[in-house]
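Residue numbers (our numbering), protein chains in the order written: chain A, 7 to 371; chain B, 7 to 371; chain C, 7 to 371.
In structure tokens:
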């Protein structure tokens, strides 16, 4: 054994900088992940989820699923976490995501692998950074796509002298259109007394017909985020972005402390909005999302839902879709939230503004 | 999409008030729950349980179980949590429970559904609230009862002008009698060298014959409750009572902070009392229980056990039953606890007074 | 039921004191433990582990494993926890461990049982305590050894008048020699394009040939330990040493608070050192380990790795071994750590100094 110790920073992957992204390049993200019953139990413990589609095997099977499908957001967070080391480790900011499609159910035992293709590049006028657009796709062990989404991040340049790439900005849909929603054809509740089946399982009495465009639901329950809650969740998703974990380093950041991963807030809001949306089944799409303000341990999260649109689903006479706006707020009752957004931007207590689409059984079939 | 947003509180289920409970009515509680290996691992992580009946498949099978049965209290907390939205969401107080019977083992993969029948009603003289008595029954996916219990809660009236219902107060047993204890007939340790089997698995050397009525055991270990411990557990049980989760709202309550769910304290005490009761097998009954004082995050829980009664079990010559009083105290050594209860009520540091019955192998068979 | 309550301390096992250990005695530790998918998911959530060998079933199978093997350290912590009630409950200090061998993979569903043989005894000159050396062995449900290690602890005497036993101090290897490393023969990556297989799964591009003796890697990521993180982990391992759990009692100890179990720190460091060692497979041995300073909740842990030795592995042309020194530090960047140890002892911020050996694929085969 030698005595001389040489520091070798080269073994640590510094991640891609703006000039390292090449248009159309496909990046295969590492550490595929087999999802287990343990992940699903932890997801319940971390979020308080009660959706019977993800908690009751007989209920899931009565709808046509072979067994309990994994919660859509659990699968999404795990899939998303894989992209962090390659895409956003040097990000200045996560600017947004769009066109998030939930293509196939994920089951316990499935192994998810994610890759991303660079679909847009735009260097900023400062020359110090640029925006990278990627479409990420997650496949299961049979190489079938289960998730697909676009996100764009602002990334530092390392070498400011590198010439800017050709600017290409992809055209993104403002929401996932009906034609692009994947509702498994095997799912059917046609032959079943739907009202009875759902109400006794979900506890909810409202169906697709009962939701009206423009309706707002103030979900009453609030949930305080403990330091261990959000770090356990973020580690479970294997999202290793350091600002969620390293309190020592974050103490000298402008935030003064660890930030809660935005996906944790999305899952909390989805769980808190169960009351009022009890019969909603799987998430079909996330159309857009903004983390309007940061969340920290100690914050209590509440949720408001607005119904943005209602659609029938072709080939699914027993089911419709609801396009919903899910707004997360902190340390403030939903009843006190008047304007979510004003001319000067988001209300200071709004932490999440998410536009998503769920499947909802129809009453009359 | 319309612009006008209408607040629709009607989508939020406000829960039953006193006048909404009808004598003999059966309420089917929502969100059936499939129990997984993930739930059981989390239960170990949350409580420190070491009972080999629930931690070692070969040990469970050597006793005749088809596989490791789920911990009795984990099943109970999950079953109990389902009743909260329908029974106790508007409760002034949980007054007590009785006649809790553990009827059949619950295994991983079982799906539990719970219903409650109203078995008693008594409006209070103030006319502002009343006491509701319910018998709750939990069945597995084969519709076989696995758990049954009575509890009574004081519930607000919404409409003070509603006439009081006829007063009916059920007669409840002070403890679950021997005839009503369900010890699976397939369990037998007759042919096995019991002492060796148990001591090497449980680490304990005391059997049914070694426990005497009136004996007190001061369990030495203490466990401090972290904020995330009790909220993770309560979410795992899908008990959504808000006072355990919403620190922002609880700050303006008399408690000034979130309350620990009583079931969390019961499980901690049961786990802390492992040393001294190592060979106890399944819980056969909870005879009565009182949460004498509230627990908060930061409290350190200790446990004292008193032996209340010892019974032989018909048809089980290899096993007896012990009726135990499990007393939970906080921030105080069991050695310093003199009087659990005085004329003025419980000692201020007593948080739990639980009367329960366990199966215990007999030495001499 | 009798009224008189007798305190019976005898039911509580006080554990072995120095004079209770007998040379060559074999102690069978209680509470065998079946490891489940829930344990593995919790381990990911508690440590942030991303090693695809333990997270991806297809990757594990592509190497020849029948399914995903349980993380080596998870198995070790569970096995180790079993020895605490018998070996170290009356310990003054855990002095060290050596010759830790990982003999066979542990799979989900395996049940681990541990026994320890007393292999050395040395009463201290004070006559008040002595050092006990034990070799612990863990077997699975087929009675096949999966783990074996030596540790030595200083234990109080209860009866100071008891004569000292004959002093026997075992000869311990400074590291586990190549001949004693167990690399399963069924593991092979010969036929596979190794670089591609590993890099796309692990995200790492460095192989056995790339590591040089004397090289130091400063792992960039840090992880703050929350109170619930370390207590959840230690309960999961069923390690019931009270100083990790009982904050009320620890407030009057010199530490003033609960101590973090050393195994928690080992796992955190191993997980934090993933970046830079991505392609490392299973742990083959722990050669020696010292918990140089205590860790507390709130500490942020960072890790430095030094390459101590590189070995080829006989019969495994596709794989080599790396002997590594993993140094855990707290609340201090690895870049600022100059001298790990000086003449006066360890740097005050060093919490772990662990010497271990991993299998690492070779590039050229």
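Glycine included, C-beta positions come from ideal geometry on N, C-alpha and C.
Source: prediction; values computed, not measured.
What number of angstroms, rounded off, separates the C-alpha of residue i from the C-alpha of residue j?
i: residue 76(C); j: residue 114(A); result: 17 Å
i: residue 169(B); j: residue 257(C); result: 56 Å
i: residue 9(B); j: residue 222(A); result: At residue 9(B), the pLDDT of 37 sits below 50, so the modelled position is not reliable and the matter cannot be decided from this model.
i: residue 351(A); j: residue 298(A); result: 9 Å
i: residue 12(C); j: residue 313(B); result: With a pLDDT of 49 at residue 12(C), under the threshold of 50, the modelled position of this residue cannot be trusted, and the question is left open.
i: residue 205(C); j: residue 172(A); result: 30 Å
i: residue 52(A); j: residue 241(B); result: 7 Å
i: residue 69(C); j: residue 199(C); result: 12 Å
i: residue 96(C); j: residue 251(C); result: 16 Å
i: residue 273(A); j: residue 79(A); result: 7 Å
i: residue 91(C); j: residue 278(B); result: 14 Å
i: residue 165(C); j: residue 266(C); result: 31 Å
i: residue 1(B); j: residue 122(B); result: Residue numbering for chain B in the displayed model covers 7 to 371; residue 1(B) lies beyond these limits and cannot be assessed.
i: residue 201(B); j: residue 369(B); result: 7 Å
i: residue 364(C); j: residue 327(C); result: 6 Å
i: residue 294(C); j: residue 330(C); result: 11 Å
i: residue 81(A); j: residue 85(C); result: 32 Å
i: residue 1(B); j: residue 98(B); result: As shown, chain B starts at 7 and ends at 371. That puts residue 1(B) outside it, with no answer to give.
i: residue 155(A); j: residue 141(A); result: 6 Å
i: residue 38(B); j: residue 281(C); result: 42 Å
i: residue 356(C); j: residue 301(C); result: 10 Å
i: residue 315(C); j: residue 219(C); result: 5 Å
i: residue 50(A); j: residue 117(B); result: 15 Å
i: residue 25(B); j: residue 48(B); result: 39 Å
i: residue 292(A); j: residue 185(A); result: 14 Å
i: residue 325(C); j: residue 196(C); result: 9 Å
i: residue 4(C); j: residue 359(C); result: Outside the displayed range of chain C (7 to 371) lies residue 4(C), so it cannot be described from this structure.
i: residue 214(C); j: residue 208(C); result: 14 Å
Residues of chain A with CB under 9 Å from residue i, in chain order?
i: residue 123(B); result: Chain A residues near residue 123(B): none, gap ~15 Å exceeds 9 Å.
Per DSSP, residue i is paired with what?
i: residue 27(C); result: In the DSSP output, where bridge partners are listed per residue, residue 27(C) has none listed.
i: residue 325(C); result: 367(C)
i: residue 103(B); result: 157(B), 295(B)
i: residue 151(B); result: 145(B)
i: residue 317(B); result: 327(B)
i: residue 109(B); result: Beta-bridge pairing links residue 109(B) to no other residue.
i: residue 135(C); result: 162(C)
i: residue 360(C); result: 295(C), 332(C)
i: residue 300(B); result: Looking at the DSSP assignment, residue 300(B) forms no beta bridge with any residue, so it has no partner.
i: residue 90(C); result: Answer is none; residue 90(C) lacks a bridge partner.
i: residue 120(A); result: 144(A)
Along chain B, which residues have their Cβ under 9 Å away from the Cβ of residue i?
i: residue 275(A); result: Residues of chain B passing the Cβ test: none, with the nearest at roughly 14 Å.
Report the neighbours of residue i on chain C: residues whose CB is nearer than 8 Å to its CB, in chain order.
i: residue 207(B); result: 36, 37, 38
i: residue 264(A); result: 230
Closer than 7 Å by beta-carbon distance: list the chain B residues that pair up with residue i, in chain order.
i: residue 268(C); result: Here the premise fails: no neighbours, minimum Cβ distance about 18 Å.
i: residue 91(C); result: 209
Which residues of chain A have a Cβ atom closer than 7 Å to the Cβ of residue i, listed in chain order?
i: residue 255(B); result: 228
i: residue 212(C); result: 17
Using a C-beta to C-beta distance shorter than 7 Å, which residues of chain C count as neighbours of residue i?
i: residue 84(B); result: By Cβ distance, chain C contributes nothing, its closest Cβ being about 15 Å from residue 84(B), past 7 Å.
i: residue 147(A); result: 64
Next on the checklist: So if I threshold CB-CB distances at 8 Å, which residues from the region 17-31 of chain A count as touching chain C?
Outcome noted: The region 17-31 of chain A vs chain C, Cβ under 8 Å: 17, 18, 19.
Checklist entry - Between the region 335-346 of chain A and the region 283-294 of chain A, are three or more C-beta pairs nearer than 8 Å? => result Under the 8 Å Cβ criterion, the region 335-346 of chain A does not count as touching the region 283-294 of chain A, having fewer than three qualifying pairs.
Next on the checklist: To be precise: take each residue of the region 234-251 of chain A, compare its Cβ to all Cβ atoms of chain B, and keep it if any distance is under 9 Å. Which residues remain?
Outcome noted: Of all residues in the region 234-251 of chain A, 234, 235, 238 have a Cβ within less than 9 Å of some Cβ in chain B.
Checklist entry - If contact means a Cβ-Cβ distance below 8 Å, which residues of the region 39-51 of chain A contact chain B? => result Contact residues of the region 39-51 of chain A toward chain B are 42, 43, 44, 45, 46, 47, 48, 50, 51 (C-beta to C-beta distance below 8 Å).
Checklist entry - With contact counted as at least three CB pairs below 8 Å, one residue from each stretch, are the region 24-33 of chain B and the region 102-109 of chain B in contact? => result Under the 8 Å Cβ criterion, the region 24-33 of chain B does not count as touching the region 102-109 of chain B, having fewer than three qualifying pairs.
Next on the checklist: Whether or not the region 174-184 of chain C and the region 37-51 of chain C are in contact is what I'm after, with contact meaning three or more pairs of Cβ atoms, one per stretch, closer than 8 Å; do they touch?
Outcome noted: They do not touch, by the three-pair rule.
Item to check | Within 8 Å of chain A by C-beta, residues of the region 113-142 of chain B in sequence order | outcome: Residues of the region 113-142 of chain B with a C-beta less than 8 Å from any C-beta of chain A: 115, 117, listed in chain order.
Next on the checklist: Along the region 326-355 of chain B, where does the CB come closer than 7 Å to a CB of chain C? Name the residues.
Outcome noted: Flagged, chain order: 337.
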